[in-house]
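In our numbering, the protein residues as written are 7 to 832. Structure first, commentary second.
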């Protein structure tokens, strides 16, 4: 569904699974609020799901084809073809006490979703920003001088001029950021990216609120109208309050019932495989992931891939990582998680006693599950995880799971035992079936449906958001849930991102930025080639192959052309049914659509030109299996880029992002893939040794950094790929900027009121991209889970390794920002 991004944001993808190994620029600080399964699969190309079936007659899988086909037909006719138009509320006679003719009252003691004062505060903040020439960007207003004056004012406000840039450049560049930008109550962190996302979201809100043509009813095939109806269904709180939990209860009943809600639940009637396959049809991944994606050793062909989602996928477990379950210091989070589970169950009708007992068993089970998963550090080398085999061979290795039957249901067609699959976590799957054999059926069923329910309550009334907010407060420190409109914008942009992107691009996107970014990318690729040729630790043959790889990188900038062609855009969403008064069902329809599109690609030729992210997002991506860089339209805005910015700011902004993504093709994971995106050993031994030696220098450097606010160190191993990309990116971008200066008489535009050279502005803009603040809870979570170093250390770590920076700011050798010993890979 989504790939790894500069910051981990959710994005809609053409293939919901084919680019799960994207490298990105950012991390999220808390779970996404979207309705699609919001998971970042960082290390491999993965989707996410789960299944399990015990078949005593496992030697006769082929004999039950008729029964399998019959059940398969029932499943699909019920779960797919109905499009979920027909989930109806119970009659008034069947309504729960207190529901008739009104809504269930919200307790006065519950945390607010948002209060008017805070909405007013945010609106005032946005209006203040809109008053500046800088933020007229979305309207295409402002002349060159006005834009530069506005940017100079902003940059000056953030700076702490009393700080010595050679002692702590982050303090120098960002020392006054927090004073001007306190963390909003509805965020766990606030930085430059969150600020421009907030601005972008307000623009998308306006687009989605635009009037719908009178001749475009709910049955329209117009994709942009469907997006507007989806937004309206999400915003229709009156109907959500009237329907309450009933749509979800009915769906759970169709799935066999959630045991915690059903005292009469019968384990003898429970069909493990059928339930897990049903959940997979909703694009849900639990216990084991199944997805369709290019074989990373032959990226021109789609195969089925089975893998545990144990990387930076926050929904692989109910808490961000396995350590939250395994380390005694995290007891507070387990308690909050348990309370959240109990609250959701009781809101859906469970008794407090049953919910508490079942929650204890569920968490005990998930803790055991965490123990059999691998840590992120153990999964960094994908070539050591990759195992290709046939379905028949997989059945031999894990006979407890009826793979043939499961895949027949999920793929909606029969499979044969010779069909190839790629398995990345065979030992885990074998340990899993052993764990399941020792676990009560009720506990397994409760766990599967809890993971499903947890996301689906996002599509119900605000009582469930209140419960989530209490959990998020403990986990991330977020003081208040976002306003409904923010969640709804995120929902629509995540699930119908191309339709939203079409509206955004038509009204706001500056086509010149696309051409400028393409030109800058070519120049920065040239910088990488120059640096590559100057390396002494890589042999000539490996250098030649690496040069071919950087030359072959596919570039996708702004948006895909088809979104401006109504017929093609409408075709993309033709099977998605959206009804203005059925928000819950609308989300189910989209999830099923994503699943069907993905599974139908099995066996088809790989199209590496497909776009994998919505245009209106603030991020950038590199795909290892496609050797492709993507810069969505949403990131081509200040402070990264503006047509009126001095070149120093554009090279220090989007230029560094470009270099960062290029370098991902040659970091500790990217270097394993060749120019065609295939995984194989194409480096000579000496080059591999030289790479590891230099990467270890960065690992050691960043591991020495301590975040004083929480007393925790950065994980240098887990962040090495991003640190390599940061260090390489700034070196390439600065080299390209120097070439531009030489070609233009060493003259660049200045910023009014800022007494700084172009080269100094380059580094200053790079640093201010990472200005920000985080709540302590969010900081702890980031240090435990994120693949990116905190913003402060992305600045300090990168610039302290830069000889160019030290020269530009005249830092003496031995100063903190110009140490004698520096690290460099590229």
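Positions of the beta carbon are idealized from the N, C-alpha and C atoms, including for glycine. As the structure is a prediction and not an experimental result, all values here were calculated from the model.
8 Å Cβ cutoff met for residue i and residue j
i, j, result
"residue 498", "residue 772", "no"
"residue 649", "residue 555", "no"
"residue 685", "residue 396", "no"
"residue 417", "residue 409", "no"
"residue 806", "residue 736", "no"
"residue 378", "residue 291", "no"
"residue 814", "residue 766", "yes"
"residue 543", "residue 696", "yes"
"residue 609", "residue 624", "no"
"residue 511", "residue 621", "yes"
"residue 432", "residue 398", "no"
"residue 213", "residue 513", "yes"
"residue 688", "residue 551", "yes"
"residue 254", "residue 466", "yes"
"residue 459", "residue 350", "yes"
"residue 230", "residue 508", "yes"
"residue 645", "residue 659", "yes"
"residue 449", "residue 371", "yes"
"residue 191", "residue 475", "no"
"residue 756", "residue 652", "yes"
"residue 435", "residue 394", "no"
Strand pairing of residue i, partner residues [DSSP]
i, result
"residue 634", "560, 629"
"residue 719", "712"
"residue 196", "779"
"residue 685", "679"
"residue 304", "301"
"residue 824", "821"
"residue 292", "294"
Same chain, Cβ closer than 6 Å to residue i, neighbours up to 5 away in sequence not counted
i, result
"residue 764", "654, 754"
"residue 235", "584, 586"
"residue 181", "166, 169"
"residue 628", "29, 635, 667, 670"
"residue 369", "344"
"residue 356", "266, 267"
"residue 821", "172"
"residue 258", "264"
"residue 183", "164, 777"
"residue 289", "43, 597, 600, 601"
"residue 222", "228, 231"
"residue 132", "Note on residue 132: pLDDT 48, under 50, position unreliable in the model; the coordinate value appears next. 208."
"residue 383", "723"
"residue 534", "556, 668, 738"
Own chain, CB closer than 7 Å to residue i, minus 5 neighbours either side, in chain order
i, result
"residue 90", "Because residue 90 carries a pLDDT of 47, less than 50, the predicted location of this residue cannot be relied on, and no value is offered for it."
"residue 816", "none"
"residue 715", "782, 785"
"residue 690", "545, 547, 548"
"residue 150", "650"
Sequence-distant residues of the same chain with beta carbon closer than 8 Å to residue i, five excluded per side
i, result
"residue 560", "614, 615, 632, 633, 634, 635"
"residue 709", "719, 720, 721, 722, 723"
"residue 819", "812, 826"
"residue 5", "As shown, the chain starts at 7 and ends at 832. That puts residue 5 outside it, with no answer to give."
"residue 700", "543, 829, 830, 831"
Residue i CB to nearest heavy atom of the ligand MN below 7 Å
i, result
"residue 451", "Because no ligand of any kind appears in the structure shown, any question about the ligand MN cannot be addressed here."
Next on the checklist: I'd like to know if the segment 780 to 797 and the segment 724 to 732 are in contact, where contact means that at least 3 CB-CB pairs between them fall below 8 Å.
Outcome noted: With the cut-off at 8 Å, the segment 780 to 797 and the segment 724 to 732 touch.
Item to check | Cβ pair count under 8 Å reaching 3, the segment 740 to 747 against the segment 529 to 537 | outcome: yes
Item to check | Uninterrupted beta strand (DSSP E) stretches inside the segment 159 to 206 (no shorter than 3 residues) | outcome: List check, beta strand (DSSP E) in window: 195 to 197.
Checklist entry - If you scan the segment 576 to 609 from start to end, which runs of the alpha helix (DSSP H) of 4 or more residues do you find wholly inside it? => result 589 to 605
Item to check | the segment 441 to 452 touching the segment 276 to 289, judged by at least three CB pairs closer than 8 Å | outcome: yes
Checklist entry - Per the contact definition of three or more C-beta pairs closer than 8 Å, is the segment 193 to 201 in contact with the segment 811 to 828? => result no
Checklist entry - Which runs of the alpha helix (DSSP H) fall wholly inside the segment 434 to 487 and span at least 4 residues, in chain order? => result Runs found: 447 to 462, 468 to 482.
Next on the checklist: Under 8 Å, with one C-beta from each stretch per pair, do the segment 257 to 273 and the segment 598 to 608 reach the 3-pair mark?
Outcome noted: no
Checklist entry - Hey, which unbroken runs of the alpha helix (DSSP H) at 4 residues or more fall wholly within the segment 492 to 569? => result Entirely contained in the segment 492 to 569, the alpha helix (DSSP H) runs reaching 4 residues are, in chain order, 503 to 514, 517 to 540, 546 to 558.
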